[in-house]
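Asker:
In structure tokens, the structure reads:
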């Protein structure tokens, strides 16, 4: 993970693409470009009997530039930072501030890529990517871009409450348990089956001691660390779901911000209609009461 600062000065964490995935994406793009180049050269070779050598050479140069530089730049600009290889592997090129890749940046990357990969067989890109903490090649350094992974890691299922600890977990005081400590416990449980027994015991004991210092009451005697942590996290998740459900129910039960207009009736050309009947409209020749209270005869 790496941090980028957006244009609104907001720090956002992104997952920087690994060198292996970037190399595989480049290999896919390179195979596509080589296929297109072979087709272009064959097409020019078939047309060489009817054109002179200078025109054939010019067509070769023009079509080579289109395939190697112009087409990748246009594709990355239209797809907002994804080539065919990056699209297949879930990668994307973004600006250093997290914004989408612009045409100027795609052009810099395309020109630098021609030098890095086609003139020097990728050696400058490899050296720069290994030396840079964000895995940037020269094209990324010049254009101010970074390659990130859009596909997040597969999430492990949430911890399950051990049945024999459910009644004890319902009495827990969890207000002092921080998100960071809960995240460390969740990561330990997700990797628990991959650890050796010694590491399981050492990490579980250490994380359980940190959780016990913030959660009361302590577990019953004889509860192993992984079962204790699973019970704490499952209960924390259960209470969070209940709180969210109640908040959603309260929002659904709230009355509208403004009352229903014309609750007691509406006035129209034919009288006033409401819950208590309809009052007929005054006759057309009736002018209504005057300021002095006298109604002239008809």
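In the UniProt record's numbering, the protein residues as written are 1 to 298.
We put the beta carbon where it would ideally sit given N, CA and C, even for glycine.
What does the alpha-carbon distance come out to for the pair residue 100 and residue 125?
Answerer: 22 Å
Asker: Please confirm whether residue 22 and residue 147 have their CB atoms less than 7 Å apart.
Answerer: yes
Asker: Which same chain residues end up closer than 7 Å to residue 261 when comparing Cβ atoms and leaving out the 5 residues on each side of it in sequence?
Answerer: Low local confidence applies: a pLDDT of 46 at residue 261 is under 50, so the model's placement there is unreliable, and no value is given.
Asker: From the DSSP secondary-structure annotation, give me the bridge partner or partners of residue 173.
Answerer: 216
Asker: Assuming residue 204 and residue 225 make a contact with CB atoms under 8 Å, what is their CB distance in whole Å?
Answerer: 3 Å
Asker: Compare the beta carbon distance of residue 181 and residue 236 with 7 Å and say whether it is the shorter of the two.
Answerer: The beta carbons of residue 181 and residue 236 sit no closer together than 7 Å.
Asker: Starting from residue 79 and walking both ways along the alpha helix (DSSP H), at which residues does that stretch end?
Answerer: Residue 79 -> no alpha helix (DSSP H), and no H or E assigned at all.
Asker: Quick one: give me the first and last residue of the beta strand (DSSP E) that residue 95 is part of.
Answerer: 91 to 95
Asker: For the UniProt domain "RDD" (16 to 143), which segments carrying the alpha helix (DSSP H) assignment without a break, of at least 4 residues, lie completely within its bounds, in sequence order?
Answerer: As far as the UniProt domain "RDD" (16 to 143) is concerned, its whole alpha helix (DSSP H) runs of at least 4 residues are 19 to 47, 53 to 65, 71 to 78, 84 to 89, 103 to 113, 123 to 131, 138 to 143.
Asker: Can you find at least 3 beta carbon pairs, one from the stretch 82 to 93 and one from the stretch 115 to 129, that sit closer than 8 Å?
Answerer: In the pairwise beta carbon analysis, the stretch 82 to 93 is classified as not touching the stretch 115 to 129: fewer than three pairs are separated by under 8 Å.
Asker: Give me the Cα-Cα distance between residue 302 and residue 189, rounded to the nearest whole angstrom.
Answerer: Any question about residue 302 goes unanswered here, given that the chain covers just 1 to 298.
Asker: For residue 17, is the classification buried or exposed, using 16 other Cβ atoms within 10 angstroms of its Cβ as the cut-off for buried?
Answerer: By the neighbour-count definition (other C-beta atoms within 10 Å, threshold 16), residue 17 is a buried residue.
Asker: Does DSSP put residue 211 in a helix, in a strand, or in coil?
Answerer: helix
Asker: Tell me, please, which residues DSSP counts as bridged to residue 147.
Answerer: 93
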